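Asker: Residue numbers (this note's numbering): 1 to 559. Ideal Cβ placement from N, Cα and C applies to all residues, glycine included. For clarity, every value in this text was computed on a predicted model and none was experimentally measured. Have a look at this one.
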Amino acid sequence: MRRSSTPPSPPPATGTRPLVLVGPESSGKSTLPGALTGTRSRAQNVAGSTLAIETYSDGARDIVDTPGIVHRIDAATTATALRALDQDADVLLVLRATHLDDELAELLPVVAGRRGVVAVTNWDRVQDTVAARRALAGVAAATGVPFIALDARDGAAGVAELRAALADPGEFTRGPVLARVGWRIEPPPTILEHRWVGPIAGLTILLAPAIASVWLAITVADAIEPFVEAGLEPIAEAATRLPWPLADVIAGDYGLITMGPLLLVWALPVVVVLALLLGVLKASGLLDRLTTAVHPLVRPFGLTGRDLVRIVAGHGCNVPAVISTRSCSGCTRDATIGAIAFGSACSYQLGATLGVLAAAQRPALVVPYLSVLLGVALVHARLIARAEGTDPVSLDLHLLRGRAFLMRPQWTDIRREAGATLRHVTIKALPIFLAITVTASLLAATGLLERLARPLAPMMGLLRLPTEVALPVVLASIRKDGLLLLAEPGTVEILDGPQLLAALLLAGALVPCLVTALTIARERGRRIAARLLWRQAVGALLLAAVVSWGGALLLRGLA
């Protein structure tokens, strides 16, 4: 992982102490920095730590938002990051009123001895009585810092009181707090908490955004693609008169004008819709219920329900999905990245795959294609988890304690969640996309692309695939829409059903696209990335062989 050379610090002109936010996941912690500063965040990593942070600034001080804590490993990581961030930083500890005693006991050791304030969210879930206020004041006195109750029904007043408390913070006690508020409030159960029906219902609801995003992308693409092509046709025609290699870079088979619209027509609608829908799930609290519900289904594969959410998000774009694994537990992150790179068919890959199946007049193969891809990706994740020594039993510790309350999502929260994903795509993926487009154009113009495919030709025979499949596999390794070459006349006609399915799986899963591969290397370091990509390549080759040869035997038996 690339780490910053120096920890974040407050603006030097003011000398004001930075403020670090710490708290459990789904405590409402991430909404506070924006409310306190009215600004957007900038993302960075903590020097010497695997922790990724979001930093805000109001011009007077930096406000640092750390990932939500869901278990003891996260708490230890956060404690290490606090020491790396700044020894003089103040702390805003965010706790849920509904689980205040448990969360304070677990997180007080993380912030002990530091100056700070406690923000108590979800106060509207507590019966606001004199006795409740007295109990809260007793815990505050024992802890040594101000406790500010935040009520969603009067958020502005709570934020104003919080600002005043942050101007004069206390010091967290280093000893245990014996005072307790004495309540624990759980929301009523839903069908998602049912032992048998819950996991299936949760998986259905969780997959719905991905399915809706793909459907919408296809609908939008069919509607706007003719207009986009017509608008770019004069530009492409003018570009052909430019000198070599500029003409190929702009208007060649893989040029900016040729491939660029695919980003807008196919990828962007999927990314936007999926980001918005996942934002709704998270802002409503439903996402936490879903991750708990589906956890039993993925636990045998060395993953948690939270990891499955990131895998599903990869169907929009692998890059932000990989980046989002920064908040995974250390013992599940590589398995999650492996599953995303192997089994999350990004928007380019899905669109191109549907195009190939349409050209082959075998659209029904999309069901076994996605089923096999997801199933093998989970097995792949389990093998990585086993190699990393992950104990499936310990994964239960990664669940959020207590059920999350369901609420009506606010547009500001949805926009914040979706905006973070879109910023990652724009800032991190788009520049690499442009570089890859230029590189692919030059490789094609010089004939090097076909030369790169030649060494794969003998391997195609071992997989019962024609040599014509080699070039789409090479191009798909650069950009996933390169597998559209499988739809070329002379290729698609000579592939039987198992061969077509095997070719799609091989082109889609042999390696992630170059953008994703570079993102994995940046996030996890070159050595870990190389190990993950090597395992994926071996798995994809074995999968293609099984599908191609096994499908042929099955067809022969049926005949």
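1. Compute the Euclidean distance between the alpha carbons of A89 and F301, then round it to the nearest angstrom.
2. Beta-carbon within less than 7 Å of R174's beta-carbon, same chain only, minus the 5 sequence neighbours each way: which residues are those?
3. Can you give the Cα-Cα distance for I205 and L442, rounded to whole angstroms?
4. Buried or exposed for W123, please, with buried defined as at least 16 other CB atoms from any protein chain shown within 10 angstroms of its CB.
5. Following the continuous alpha helix (DSSP H) through D101, name the residue where it begins and the one where it ends.
6. In the DSSP output, what is R96 paired with across the bridge?
7. State the Cα-Cα distance for the pair S49 and D128, rounded to the nearest angstrom.
8. Give me the Cα-Cα distance between T426 and L553, rounded to the nearest whole angstrom.
9. When you compare only the Cα positions, how much space is there between A440 and V515?
10. Verify whether the separation of the beta carbon atoms of F405 and A377 is less than 9 Å.
11. So, with DSSP's three-state summary, where would you put A149?
12. I need the straight-line Cα distance from S548 to P243, nearest angstrom please.
13. Comparing C-alpha positions only, which one of L150, P226 and L82 sits nearest to L95?
14. Buried or exposed: R524, going by 16 or more other Cβ atoms within 10 Å of its Cβ?
15. Tell me the residue span of the beta strand (DSSP E) that contains A62.
16. Of all the options Y348, A360 and R289, which has the alpha carbon lying nearest to the alpha carbon of P188?
17. Determine the closest residue to V492 out of V538, A358 and P269, with distance taken between C-alpha atoms.
18. Ordered along the chain, which non-local residues of its own chain (more than five positions away) have a Cβ less than 8 Å from that of L533?
19. Just tell me which of I414, I478, E468 and L462 has its CA closest to the CA of A435.
20. Would you mind reading off the limits of the beta strand (DSSP E) that contains V22?
21. Starting from A477, follow the alpha helix (DSSP H) in both directions and report where the run begins and ends.
22. The alpha helix (DSSP H) spanning A132 covers which residue range?
23. Helix or strand or just coil, what does DSSP make of V228?
24. Taking 8 Å as the cut-off, does the segment 22 to 29 touch the segment 62 to 69 (at least 3 CB pairs, one atom from each stretch)?
25. Pull up the distance between the alpha-carbon of L463 and that of V546, whole angstroms please.
26. According to DSSP, simplified to helix, strand and coil, what is V91?
27. Assess, as a yes-or-no matter, whether the segment 364 to 384 is touched by the segment 301 to 316 under the definition of 3 or more beta carbon pairs within less than 8 Å.
28. May I ask you to report which of helix, strand or coil DSSP gives R115?
29. Does DSSP put E488 in a helix, a strand or coil?
30. Go through its chain and collect everything with a Cβ distance to L100's Cβ below 6 Å, but skip five positions before and after it.
31. If distances are taken between C-alpha atoms only, which option among L82, A79, A165 and R133 comes closest to L36?
32. Excluding the five sequence neighbours on either side, which residues of its own chain have a C-beta within less than 6 Å of the C-beta of A339, listed in chain order?
Answerer: So, to answer that:
1. Taking the straight line from one Cα to the other gives about 40 Å.
2. If we look at R174 and ignore the five residues flanking it on each side, its Cβ neighbours are A112 and G113.
3. Approximately 44 Å, taken between the alpha carbons.
4. Flag for W123 reads buried.
5. That run of the alpha helix (DSSP H) goes L100 to V111.
6. In DSSP, R96 forms a bridge with T121.
7. With a pLDDT of 47 at S49, under the threshold of 50, the predicted position of this residue should be treated as unreliable, and no value is reported.
8. Roughly 46 Å separates the two Cα atoms.
9. If I take the Cα positions, the gap works out to 13 Å.
10. Going by C-beta atoms, F405 is not nearer than 9 Å to A377.
11. In the structure shown, A149 falls within a strand segment according to DSSP collapsed to helix, strand and coil.
12. Separation of S548 and P243 (C-alpha to C-alpha, rounded to the nearest whole angstrom) is 44 Å.
13. The residue among L150, P226 and L82 with its C-alpha nearest the C-alpha of L95 is L150.
14. By the neighbour-count criterion, in which a residue is buried when 16 or more other Cβ atoms sit within 10 angstroms of its Cβ, R524 is buried.
15. Checking the sequence shown, residue 62 turns out to be Asp, not Ala. Boundaries of the beta strand (DSSP E) harbouring D62: D62 to D65, taken from the DSSP string.
16. Ranking Y348, A360 and R289 by Cα distance to P188 puts R289 first.
17. Put simply, of V538, A358 and P269 the residue whose alpha carbon is nearest the alpha carbon of V492 is A358.
18. Closer than 8 Å at Cβ, skipping near neighbours: A341, V511, P512, A517 and I520.
19. Nearest C-alpha to A435: I478.
20. That run of the beta strand (DSSP E) goes L19 to V22.
21. Here the sequence assigns Ser to residue 477, which means Ala is not the residue at that position. From DSSP, the alpha helix (DSSP H) with S477 extends over A470 to I478.
22. Where A132 is concerned, the enclosing alpha helix (DSSP H) stretches over V130 to T143.
23. Reduced to three states, the DSSP call for V228 is helix.
24. The segment 62 to 69 vs the segment 22 to 29: in contact.
25. Annotation: L463 to V546 spans about 8 Å, alpha carbon to alpha carbon.
26. Per DSSP, reduced to three states, the secondary structure at V91 is strand.
27. Verdict: yes, contact present.
28. Under the three-state reduction of DSSP output, R115 falls in the strand class.
29. When DSSP states are grouped into helix, strand and coil, E488 belongs to the coil group.
30. Same-chain partners within the cutoff: V181.
31. Closest option to L36, Cα to Cα, is A165.
32. Taking A339 as the centre and dropping the five residues before and after it, the same chain places the C-beta of I311, A377 and A381 closer than 6 Å to its C-beta, in chain order.
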